[in-house]
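Residues in the sequence shown are numbered consecutively from 1, following my numbering.
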Amino acid sequence: MKRIFFATTLIALAMACGKKNGTTETSSNDTTANEHASGIGAVEIDGSSTVYPITEAMAEEFRVESPNVKVTIGVSGTGGGFKKFSRGEIDITNASRPIKAGEDSACKANNVAYIELPVAFDGIAIVTHAENKWMNDITVAELKMIWEPSAQGKIMKWNQVRKTWPNEEIHLLGAGTQSGTFDYFTEAIVGKAKACRGDYTASEDDNVLVQGISTDKNALGFFGIDYYIANKDKLKLIPVNDDNDANGKGAISPTEETVKNGTYQPLSRPLFIYINKKSMEKEVVKNFATFYLANAPSLVSEAGYIALTPEIYKIVTARLDKGLVGSVFLGLKTSVGIKMEDVLKIE
């Protein structure tokens, strides 16, 4: 199976204050209660914790030009964001995977037409405790052996996975089931989205995962590379070897270079925002969306993510300008193994 080979590096923004109550508000001047309630001067966003830092960076810069606009960003995971989005409760949802058929149907049931906008690339990092001396690489087959549903209650010690690894308990941590990262990871590694053993520590908050892995020498976890970069002093990044070893280079770490030369397989994906088309009737939402794409090439890179190519940004901007609704990904059997340029040209 061909796979997309995109990854990202990220200098993470501080998440603690933004997620204290599940949201963060970015505004230099408060709007009135009536303005906020009516949507005037307000943009409501929720969804992926992975995409959150990018959108937060956009909001911070946007307020410089539009100081009276309040941008509220929730972090309930990709799945949680789509639930709110499909009910028309928010203007924009952040997503670390494409929308699913069921979520699309929910939108249609509530007359929510949406515009799908890829905004950046990300890579899923495999990490262990910083003092782990025995794991220096891992294969896709070994990851599947560890994470597939049938592993629960059976694959419990590290030496069951590789004989040279210690006879110690496996402690797993990863994204929660509402997370797009969970969906993508399980599809890429196990072969089916959401197919996963249940006896692992799950959280929608990647900072919780960082804390757990960094304090347990027998731990293994996964999340966006940005959280590794922000915590590299207490985590160890594990290179991944695609079983086919098609690149002929063995185990590969997710870096900007391996994204560009297409050698980090298969834990890479595009990141999205979805905009309620009706919300685009509000000037503040329209202006924010336009600002987002116009500044993505520079702000995405400054945040540490890998920006889309100029060609892809051109296509994405055209989709926004034309107000094209629906998802070009719904007709695909999988979002793993596609070239986004080709998919986005489908209208």
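Virtual Cβ for every residue (Gly too), placed ideally from N, Cα, C. As the structure is a computational prediction, the values presented were derived from the model and not from experiment.
Secondary structure of Pro-67, DSSP reduced to three states = The sequence position of residue 67 within the sequence shown is 67, counting from 1. DSSP places Pro-67 in coil when its eight states are reduced to three.
In this structure, what does DSSP give as the bridge partners for Pro-118?
-> For the purposes of this step, residue 118 is taken as the residue at position 118 of the sequence shown. Phe-272.
Taking the beta strand (DSSP E) that Ser-203 falls in, what are its first and last residues?
-> Counting from one through the sequence shown, the residue named residue 203 turns up at place 203. According to the DSSP assignment, Ser-203 belongs to the beta strand (DSSP E) that extends over 201–203.
Which residues in the same chain have their Cβ closer than 7 Å to the Cβ of Val-325, if we skip the five residues on either side of it in sequence?
-> Locating residue 325 in the sequence shown gives position 325, counting from the first residue. Within the same chain, Val-325 has close Cβ partners Ala-113, Tyr-114, Ile-115 and Lys-277.
Quick one: any contact between the stretch 223–234 and the stretch 78–94, if contact means 3 or more CB pairs under 8 Å?
-> Under the 8 Å Cβ criterion, the stretch 223–234 does not count as touching the stretch 78–94, having fewer than three qualifying pairs.
Assign Leu-299 to one of two classes, buried (16 or more other C-beta atoms within 10 Å of its C-beta) or exposed (fewer than that).
-> Counting from one through the sequence shown, the residue named residue 299 turns up at place 299. Label assigned to Leu-299: buried.
What residues match up with Asp-46 in a beta bridge as DSSP calls it?
-> Taking the first residue of the sequence shown as 1, we reach residue 46 at position 46. Answer is Thr-93, bridged to Asp-46.
Put Leu-293 into one of helix, strand or coil per three-state DSSP.
-> Residue 293 sits at position 293 when you count from the first residue of the sequence shown. Helix.
Reference Tyr-200, options Tyr-313, Gly-74, Ser-327 and Glu-148, closest by Cα = Locating residue 200 in the sequence shown gives position 200, where the first residue counts as 1. Of Tyr-313, Gly-74, Ser-327 and Glu-148, the smallest CA-CA separation from Tyr-200 is found for Glu-148.
Neighbourhood of Ile-189 by C-beta distance below 7 Å, restricted to the same chain and skipping five residues each side = As a working note, residue 189 is residue 189 in the sequence shown. So the qualifying residues of the chain are Val-140, Leu-143, Lys-144 and Trp-147.
To which residues does DSSP link Leu-235 through a beta bridge?
-> For this step, residue 235 is matched to residue 235 along the sequence shown. DSSP, once it has assigned bridges, lists His-129 as partnering Leu-235.
Tell me the DSSP bridge mates of Ala-175?
-> Against the sequence shown, residue 175 aligns to sequence position 175. Per DSSP, the beta bridge partners of Ala-175 are Ser-203.
So Phe-85 and Phe-291 are in contact, right, with Cβ under 8 Å, and what is the actual spacing, rounded?
-> For the purposes of this step, residue 85 is identified with residue 85 of the sequence shown, where counting begins at 1. For the purposes of this step, residue 291 is identified with residue 291 of the sequence shown, where counting begins at 1. Actually they are not in contact, since the Cβ atoms of Phe-85 and Phe-291 sit about 20 Å apart, beyond 8 Å.
What did DSSP end up calling Ile-315 once you bin it into helix, strand or coil?
-> By 1-based counting over the sequence shown, the position of residue 315 is 315. Look at Ile-315 here: in three-state DSSP terms it is helix.
Residue-chain proximity (Gly-102, chain D), Cβ-Cβ < 7 Å = Of the protein chains in the structure, only one exists, and it is not chain D.
How about Gly-221 and Asp-122: are their beta carbons less than 7 Å apart?
-> Along the sequence shown, one-based indexing puts residue 221 at 221. Along the sequence shown, one-based indexing puts residue 122 at 122. For Gly-221 and Asp-122, no; Cβs fall outside 7 Å.
Local conformation of Ala-113 per DSSP, three classes | Indexing the sequence shown from 1 puts residue 113 at position 113. Here Ala-113 sits in coil by DSSP.
Per-residue burial, Asn-241 [other beta carbons within 10 Å of its own, 16 or more giving buried] | Translated into positions along the sequence shown, residue 241 becomes position 241. Burial state of Asn-241 is buried, judged by a 10 Å Cβ sphere holding 16 or more other Cβ atoms.
What residue range is occupied by the uninterrupted alpha helix (DSSP H) comprising Gly-221?
-> Position 221 of the sequence shown, counted from the first residue, corresponds to residue 221. No alpha helix (DSSP H) contains Gly-221, which is instead part of the beta strand (DSSP E) from 219–224.
Which of helix, strand or coil does DSSP assign to Lys-154?
-> Counting from one through the sequence shown, the residue named residue 154 turns up at place 154. In the structure shown, Lys-154 falls within a coil segment according to DSSP collapsed to helix, strand and coil.
Within 7 Å, strictly: CB atoms of Val-71 and Ser-49 | To locate residue 71, count along the sequence shown from 1; it is residue 71. To locate residue 49, count along the sequence shown from 1; it is residue 49. It is not a contact, given that the beta carbons lie outside the stated cut-off.
Nearest-angstrom Cα separation, counted from Tyr-305 out to Phe-288 = Counted from its first residue, the sequence shown places residue 288 at position 288. Counted from its first residue, the sequence shown places residue 305 at position 305. Each residue's Cα considered, the two are about 20 Å apart.
Below 7 Å CB to CB, which residues in the same chain sit around Leu-237 once its five sequence neighbours on both sides are set aside?
-> Along the sequence shown, one-based indexing puts residue 237 at 237. For Leu-237, where only same-chain residues beyond five positions count, the Cβ hits under 7 Å are Ala-125, Val-127, Tyr-228 and Ser-253.
For the stretch 91–99 and the stretch 261–274, state whether three or more C-beta atom pairs, one from each stretch, are separated by less than 8 Å.
-> With a cut-off of 8 Å, the stretch 261–274 and the stretch 91–99 count as touching, because enough Cβ pairs lie within range.
What's the call for Trp-134, buried or exposed, on a 16-neighbour Cβ count within 10 Å?
-> Counting from one through the sequence shown, the residue named residue 134 turns up at place 134. Taking all protein chains in view, the Cβ of Trp-134 is surrounded by fewer than 16 other Cβ atoms within 10 Å, so the residue is classified as exposed.
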